[in-house]
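Colleague: All residue numbers for the sequence shown refer to my numbering, where the first residue is 30 and numbers rise by one.
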Amino acid sequence: MDNCFVDITVEFLAVAFHSILYYTSTYPKSIFESKKKYSIVVYRSMHPEVNQYIDLCLKSIAECLKSERLKRLEFAITDNNYIPVLKFIFDFDHISDFDEISDAYLIKTEQNLRAFCLQLSAFSHKFNNLPEDTSFTIYIHTNESAAVALASDPNLEEFPMLEVDENFEESDKILPIRRFSVRSCNIDAYVEFTR
């Protein structure tokens, strides 16, 4: 897989994950600092444990992206029983006939990533009715061989992966955020309201 694609996507997901935590008020606004990314203001957590969890997830995600075995990511905001109340979903569709010259300077890619962040900010009022004491979990949808490879990676030993049952409920309350491409992959981003 194209290293440029992996780097850009992981960097974008880091911004997206921190922004989701900020806009859903999962943690107090005081633990976030503002940064400039994609020519706009974004927010990043300053909490060491939160950042460590996100960084470890991003390492696993990068490995799945390198092998083209990442199908979907779910960033779930959960209630105090760890049941998802809101899911931010990223579906990955790899393009087989990718044109290397198309968006060679990544201008359109940056515009799309900026538009995602702005859409997320614009939709933030829809996340106001979440329960108290929310938390979050990141679900990585991949295949069995990728899961085995991640489990045997010494760099990820401190971050065990658990297989989740395929038993999940789909919601009919979906809010599309954006469909965009990053190099050789189309990404569909949307919010699923589970309650």
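Positions of the beta carbon are idealized from the N, C-alpha and C atoms, including for glycine.
For Phe-222, which of Lys-66, Leu-204, Ser-131 has the nearest alpha-carbon?
Modeller: Numbered from its first residue, the sequence shown carries residue 222 at position 193. Phe-222 has its Cα closest to that of Leu-204, out of Lys-66, Leu-204, Ser-131.
Colleague: Under three-state DSSP, which class holds Lys-58?
Modeller: Looking up residue 58 in the sequence shown gives position 29. Looking at Lys-58 - three-state DSSP - the assignment turns out to be helix.
Colleague: With DSSP as the reference, label Glu-129 as helix, strand or coil.
Modeller: To locate residue 129, count along the sequence shown from 1; it is residue 100. Note: Glu-129 maps to coil in three-state DSSP.
Colleague: Just to confirm, are Phe-117 and Ile-216 a CB contact at a threshold of 7 Å?
Modeller: In the sequence shown, residue 117 corresponds to position 88, counting from 1. In the sequence shown, residue 216 corresponds to position 187, counting from 1. Against a cut-off of 7 Å, the Cβ pair of Ile-216 and Phe-117 comes out as no contact.
Colleague: Within 10 angstroms of the Cβ of Ile-112, are there 16 or more other Cβ atoms? Answer buried if so, exposed if not.
Modeller: Reading the sequence shown from its first residue, position 83 is the one you call residue 112. The residue is exposed, with fewer than 16 neighbouring Cβ atoms inside 10 Å.
Colleague: Alpha carbon to alpha carbon, how far is Lys-64 from Thr-163? Give it in angstroms, no decimals.
Modeller: Position 134 of the sequence shown holds residue 163. Position 35 of the sequence shown holds residue 64. If you take the alpha carbons of Thr-163 and Lys-64, they lie about 24 Å apart.
Colleague: Could you spell out the range, first to last residue, of the beta strand (DSSP E) harbouring His-154?
Modeller: Taking the sequence shown and counting its residues from 1, one reaches residue 154 at position 125. Segment: none, His-154 is in no beta strand (DSSP E) and carries neither H nor E.
Colleague: Would you list, in sequence order, the uninterrupted alpha helix (DSSP H) runs of no fewer than 4 residues that lie entirely inside the segment 39-89?
Modeller: none
Colleague: Determine the direct distance from the alpha carbon of Asn-141 to that of Arg-98, and round the result to whole angstroms.
Modeller: The residue given as residue 98 occupies position 69 in the sequence shown. The residue given as residue 141 occupies position 112 in the sequence shown. Here the alpha carbons of Asn-141 and Arg-98 stand approximately 23 Å from one another.
Colleague: Looking at Tyr-134 and the ligand ADP, is the gap between the Cβ and the nearest heavy atom below 6 Å?
Modeller: Questions concerning the ligand ADP fall outside what the structure shown contains, since it holds no ligand whatsoever.
Colleague: Does the beta-carbon of Lys-155 have 16 or more other beta-carbons within 10 angstroms, so that it is buried, or is it exposed?
Modeller: For the purposes of this step, residue 155 is taken as residue 126 along the sequence shown, with counting starting at 1. Result: exposed.
Colleague: Using 8 Å for Cβ pairs, my map puts His-47 next to Tyr-72. What's the rounded Cβ distance?
Modeller: Against the sequence shown, residue 47 aligns to sequence position 18. Against the sequence shown, residue 72 aligns to sequence position 43. Right, the Cβ-Cβ distance comes to about 6 Å (below 8 Å), so this counts as a contact.
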